[in-house]
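Structure first, then comments.
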Amino acid sequence: MKMAKLFLVVAFLLSTFTSVHAQELQKIKLSSPDMDRGASIMKALSLRQTARDTSKWSDKELSLKDLSDLLWAANGINRPDSQKRTAASAMNAQDVDIYVFTKAGVYLYDAAEHALNPVAAGDHRSDIGMKMGGGPGPSGPPPGAPAGAAGPGQAGGQATGPQQGQGAPAGEMGAGRGGAMTSFDYPLELLLVSENARFRIGTTEKKFEWGCIDTGLVAQNIMLFCSGNGLLTHPKAAIDEAKMKTLLKLTDTQHVLLVLPVGYAKE
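For what it's worth, our numbering labels the leading residue of the sequence shown as 7, then goes sequentially.
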């Protein structure tokens with residue numbers, strides 16, 4: 007009887023270990039960017055729009071090819087000799103990191119290797135946005151930010167976005183003021199984080215300001231790639247910053263600033 011119990015315990019532990027091991031994420035090597043795809047810049051600008059109506063989104067996962075080209079366009083290396091990027095940054099600090107949230111887990115885009123490095127297994131897409139009634143980002147503006155500076159999900163110190171029953175687009179649950187952005191799980195979400203420690207000089211306030219500007223440059227690359235290649239996206243600032251800092255193990259100099267879901271339109 008004791009041997010039988012021991013066997014069951016060992017079998018359980020082995021199955022648990024195997025299950026956990028199976029859930030571990032592996033590094034993903036991305037394909038080389040296709041430099042000839044997509045619409046012209048002027049056409050992409052004419053098509054750019056914020057796609058908030060989730061009833062028009064497909065839940066189909068992005069292909070590896072589309073994801074590869076998207077990340078390179080966002081902030082990839084376009085001049086290998088100098089390791090400079092598709093998005094400008096103050097003092098070439100290259101402070102903006104892109105965290106990729108998928109159904110399988112969270113990855114960090116490695117521009118130098120054009121690859122995805124695993125960060126956290128499991129589906130954390132629904133953890134990004136703030137819960138209903140949660141209020142603005144729990145930590146507000148970073149320490150030392152200018153007086154009246156906006157925290158995540160805020161603008162000029164006031165939370166922004168339509169409320170439920172106050173102009174929220176069809177398919178949305180209510181955005182901003184702590185409302186959950188949507189009940190729809192986007193197939194892919196790109197979280198932009200600025201690492202202010204990479205700026206060589208400047209006050210804390212200036213570094214935060216530069217990080218916000220650099221994040222906007224990366225976001226615009228993402229939006230133009232999407233509009234020029236038939237993908238949907240829209241920027242969101244209502245983020246559960248405290249939860250993201252814990253999940254991603256971020257430091258006090260890393261600021262969660264913007265998230266952009268990306269996907270295909272329903273056919």
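Each residue gets a CB set at the ideal place from its N, CA and C atoms; glycine is no exception.
Excluding its 5 nearest sequence neighbours in each direction, A127 has C-beta neighbours in its own chain below 7 Å: Q29, E30, L31, G111, listed in chain order.
Within its own chain, the residues whose Cβ lies closer than 6 Å to the Cβ of G82, once the five positions on either side in sequence are excluded, are T92, A117, listed in chain order. Contact between G222 and L53 is absent: CB atoms are separated by about 20 Å, not below the 8 Å threshold. For E195, the enclosing beta strand (DSSP E) has its first and last residue at 194-201. Between K109 and D133 the beta-carbon gap is near 13 Å, outside 8 Å, which marks them as no contact.
Rounded to the nearest whole angstrom, the CA to CA distance from T210 to A79 is 29 Å. Look at D116 here: in three-state DSSP terms it is strand. Comparing C-alpha distances from D191 to each of T60, A50, S69, V106 shows the shortest one belongs to T60.
Separation of H240 and V102 (C-alpha to C-alpha, rounded to the nearest whole angstrom) is 18 Å. Collapsing the DSSP output to three states places Q55 in coil. In this structure, L197 sits away from V268, with a CB-CB distance that is not shorter than 8 Å.
Looking only at C232, A121, Y115, the smallest Cα-Cα distance to K49 is reached by C232. Below 8 Å, enough C-beta pairs join the segment 61-73 and the segment 32-47 to call them touching: three or more.
For L230, there is no enclosing beta strand (DSSP E); the residue is found in the alpha helix (DSSP H) stretching over 210-234. The beta carbon of S46 is closer than 8 Å to those of G234 in its chain, skipping five residues each way along the sequence. Taking a C-beta distance under 8 Å as the contact criterion, P193 and D65 qualify as a contact pair. In this chain, N81 is not harboured by any beta strand (DSSP E); it is covered by the alpha helix (DSSP H) spanning 70-81. By the CB criterion at 8 Å, I219 and L266 fall outside the cutoff. When only Cα atoms are considered, K251 and T257 end up about 7 Å apart.
A straight-line Cα-Cα distance of about 16 Å links Y115 and L263.
Here P124 has L31, Q32, K33, G111, Y113 as same chain residues with Cβ atoms under 7 Å from its own Cβ, once five neighbours each way along the sequence are excluded. Put simply, the backbone Cα of A271 is about 23 Å away from that of Y105. Per DSSP, T252 is one residue of the alpha helix (DSSP H) stretching across 247-254. Taking the C-beta atoms as reference points, F205 is found nearer than 8 Å to A96. Of the other Cβ atoms in all chains shown, 16 or more fall within 10 Å of the Cβ of N202; this residue is therefore buried.
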